[in-house]
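What follows is a set of notes on a single structure, which appears directly below.
Number of protein chains: 2
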Amino acid sequence: MGRYDSLKLGNQLCFPLYASAREIVNLYHPHLRELDLTYTQYIAMMVLWERGEISAREVGKLLFLDSGTLTPVLKSLEKKGYITRSRSKEDERVLLVAPTDAGMALRERALEIPEKIGCAVRLTEEEAGTLYTLLYKILAALPEDE
Amino acid sequence: MGRYDSLKLGNQLCFPLYASAREIVNLYHPHLRELDLTYTQYIAMMVLWERGEISAREVGKLLFLDSGTLTPVLKSLEKKGYITRSRSKEDERVLLVAPTDAGMALRERALEIPEKIGCAVRLTEEEAGTLYTLLYKILAALPEDE
DNA sequence: AGCGATTTAATTGAACACAATCGAATTTGA
DNA sequence: TCAAATTCGATTGTGTTCAATTAAATCGCT
């Protein structure tokens, strides 16, 4: 063991984590292009498909994204006609976003994406489950701010 | 099982992978700030510490980064005085980068970073090993371009 | 009621990240 | 040999990503 072994790329968890995340996201791009969505717009739509009307703050919390990232994403989705943005009647500070009919229609076309990606990621069902569990363990253990 | 279950955030591996990668990288920022390095500059320096003089192309290959990302990173490291950039005598197209004395000195100060990060990521030795293996399995199975 | 603290998005600035393209240098192959 | 293809890096454009700040609205406390 050398004095600097801990600084080797091959010994740091952060590196394969960071690299594989980017590589996986890139796998989505060709499929998402057909839906005129970026990856970030896609995961935002996933929240809206599942939850319907929801506040921007909650979307950010679910996706671990702050307003600096989310604001332009939501504006872009509104511009494409996939969502509406409106202020809450009860609290004018709250931005409510909701999928439009066109936005909900996208869901149908998006259905084939997870299937295609699943084929490209060569893990067994069990491995994927283990990975999934470990990643959520990391996310859960992080110093949250709430 | 609903028709759209595959599109739920909670069923997609990409999501916790993407989110945890960003969160982990953010754990580095406060420590790296003391070294006047960004995370990308840090992993680039890790390659140079380990390999010494190396071509920009090889750095990009090791880090899974393309020239559009790497060019400004290497220029910035040169500006800080941590690396030199020069053209290969054998092939003028090749950009050689190498750590300076100041760059190598940084290594000493960087030693404590992996240790601190390790504490923040609440995984056992075994879990980290499993995660590591699965992530490299993903990276190895990706459609490479070479 | 009213003032200070808090909450929520939006904005700004710096740094990635990748696709697409370009230009220079080199290699290949007829 | 020499034109075509390839390689390598830089550049440009679009889209994140987060920190820090701002501004508006609301809440809480007296």
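Residue numbers (my numbering), protein chains in the order written: chain A, 104 to 249; chain B, 104 to 249.
No residue lacks a Cβ here, since even glycine has one placed at the ideal position from N, Cα and C.
Alpha carbons only, please: which of A:Met207, A:Lys164, A:Thr174 is nearest the one belonging to Gly184 of chain A?
One-based indexing of the first sequence puts residue 184 of chain A at position 81. Of the candidates A:Met207, A:Lys164, A:Thr174, the one whose C-alpha sits nearest the C-alpha of Gly184 of chain A is A:Met207.
Straight-line gap, Ala159 of chain B to Val197 of chain A (C-alpha atoms, nearest Å)
Position 56 of the second sequence, counted from the first residue, corresponds to residue 159 of chain B. Position 94 of the first sequence, counted from the first residue, corresponds to residue 197 of chain A. Going from the Cα of Ala159 of chain B to the Cα of Val197 of chain A covers about 47 Å.
Taking any Cβ of chain B, which residues in the segment 105-127 of chain A have a Cβ under 7 Å from it, in chain order?
Tyr107, Ser109, Leu110, Lys111, Leu112, Gln115, Leu116, Cys117, Phe118, Pro119, Leu120, Tyr121, Ala122, Ser123, Ala124, Arg125, Glu126, Ile127
State yes or no: is the beta carbon of Glu193 of chain A nearer than 8 Å to at least one beta carbon in chain B?
Position 90 of the first sequence, counting from 1, holds the residue named residue 193 of chain A. Output row for Glu193 of chain A: interface = no.
Range of the contiguous alpha helix (DSSP H) that encloses Val176 of chain A
Start at 1 with the first residue of the first sequence, and residue 176 of chain A comes out as number 73. Per DSSP, Val176 of chain A belongs to the alpha helix (DSSP H) from 170-182.
What residues from chain B crowd round Tyr239 of chain A, counting only those whose CB sits closer than 7 Å?
For the purposes of this step, residue 239 of chain A is identified with residue 136 of the first sequence, where counting begins at 1. Going along chain B in sequence order, the residues near Tyr239 of chain A (Cβ under 7 Å) are Pro119.
Is the number of C-beta pairs between the segment 124-138 of chain A and the segment 208-217 of chain A that are closer than 8 Å three or more?
yes
DSSP on Thr187 of chain B, reduced to helix/strand/coil?
Start at 1 with the first residue of the second sequence, and residue 187 of chain B comes out as number 84. DSSP places Thr187 of chain B in strand when its eight states are reduced to three.
Closest Cβ-Cβ distance between Ala208 of chain A and chain B: below 8 Å?
Within the first sequence, residue 208 of chain A is the residue found at index 105, counting from 1. Chain B contact via Cβ: absent.
How many angstroms separate the CA atom of Thr233 of chain B from the CA atom of Glu156 of chain B?
Mapped onto the second sequence, residue 233 of chain B falls at position 130. Mapped onto the second sequence, residue 156 of chain B falls at position 53. Rounded to whole angstroms, Thr233 of chain B to Glu156 of chain B spans 32 Å at the Cα level.
Using a Cβ cut-off of 8 Å (strictly closer), state whether Pro217 of chain A contacts chain B.
Your numbering for residue 217 of chain A matches position 114 in the first sequence. Chain B, which has a Cβ nearer than 8 Å to the Cβ of Pro217 of chain A, makes this yes.
Is Val150 of chain B helix, strand or coil when you go by DSSP?
Numbered from 1 along the second sequence, position 47 holds the residue referred to as residue 150 of chain B. Looking at Val150 of chain B - three-state DSSP - the assignment turns out to be helix.
What does the Cβ neighbour count give for Leu209 of chain B, buried or exposed, with the cut at 16 atoms within 10 Å?
Counting from one through the second sequence, the residue named residue 209 of chain B turns up at place 106. Buried, since its Cβ has 16 or more Cβ neighbours within 10 Å.
Cβ pair count under 8 Å reaching 3, the segment 148-155 of chain A against the segment 143-157 of chain B:
no
Please check the pair Lys192 of chain B and Leu226 of chain A, which I expect to be a contact at CB under 8 Å, by giving their CB distance rounded to whole angstroms.
On the second sequence, residue 192 of chain B is found 89 positions in, with the first residue counted as 1. On the first sequence, residue 226 of chain A is found 123 positions in, with the first residue counted as 1. Rounded, the Cβ-Cβ distance is 45 Å, inconsistent with contact.
Is the segment 135-154 of chain A touching the segment 104-124 of chain B, taking contact as three or more C-beta pairs under 8 Å?
yes
Verify whether the separation of the beta carbon atoms of Thr143 of chain B and Val176 of chain B is less than 8 Å.
As a working mapping, residue 143 of chain B is identified with position 40 in the second sequence. As a working mapping, residue 176 of chain B is identified with position 73 in the second sequence. Yes, the pair counts as a contact, with Cβ atoms nearer than the cut-off.
Closest by C-alpha distance to Ala243 of chain B, when choosing among A:Pro119, A:Leu199, A:Met104, A:Asp139
Within the second sequence, residue 243 of chain B is the residue found at index 140, counting from 1. Nearest C-alpha to Ala243 of chain B: A:Pro119.
Work out the CA separation of Val200 of chain B and Glu249 of chain A for me, nearest whole Å.
Along the first sequence, one-based indexing puts residue 249 of chain A at 146. Along the second sequence, one-based indexing puts residue 200 of chain B at 97. Caution is warranted here: a pLDDT of 38 is assigned to Glu249 of chain A, below 50, making its placement in the model unreliable, and the coordinate value is therefore given only provisionally. The straight-line gap from Cα to Cα measures roughly 44 Å.
Can you check whether the C-beta of Tyr185 of chain B is within less than 8 Å of a C-beta belonging to chain A?
Locating residue 185 of chain B in the second sequence gives position 82, counting from the first residue. Taking Cβ atoms only, chain A never reaches closer than 8 Å to Tyr185 of chain B, which makes this a no.
Put Val200 of chain A into one of helix, strand or coil per three-state DSSP.
As a working note, residue 200 of chain A is residue 97 in the first sequence. Reduced to three states, the DSSP call for Val200 of chain A is strand.
Can you find a C-beta in chain A that's less than 8 Å from the C-beta of Ala201 of chain B?
Here residue 201 of chain B corresponds to residue number 98 of the second sequence, with the count starting at 1. Not one chain A Cβ lies under 8 Å of Ala201 of chain B.
Which word fits Ala205 of chain A, buried or exposed, when buried means at least 16 other C-beta atoms lie within 10 angstroms of its C-beta?
Here residue 205 of chain A refers to the residue found at position 102 of the first sequence. Looking at its Cβ environment, which holds fewer than 16 other Cβ atoms inside 10 Å, Ala205 of chain A is exposed.
Under 8 Å between C-beta atoms, does Ile157 of chain A make it to chain B?
The sequence position of residue 157 of chain A within the first sequence is 54, counting from 1. No, Ile157 of chain A lies away from the interface with chain B (no Cβ there is under 8 Å from its Cβ).
Chain A contact residues for Val197 of chain B, given Cβ-Cβ distances below 9 Å:
If you number the second sequence from 1, residue 197 of chain B lands on position 94. Residues of chain A passing the Cβ test: none, with the nearest at roughly 21 Å.
Taking the alpha-carbon of Leu140 of chain B as reference, which of B:Ile220, B:Ser179, B:Glu161, B:Cys222 has the nearest alpha-carbon?
Translated into the one-based positions of the second sequence, residue 140 of chain B becomes position 37. Comparing Cα-Cα distances from Leu140 of chain B to each of B:Ile220, B:Ser179, B:Glu161, B:Cys222, the minimum goes to B:Ser179.
Given Ala122 of chain B, which residues of its chain have a CB within under 8 Å of its CB, disregarding the five upstream and five downstream residues?
Position 19 of the second sequence, counted from the start, is the residue given in the question as residue 122 of chain B. There are no such residues.
Per the DSSP calculation, Ile157 of chain B is bridged to which residue(s)?
Stepping through the second sequence from its first residue, residue 157 of chain B is reached at position 54. Answer is B:Val200, bridged to Ile157 of chain B.
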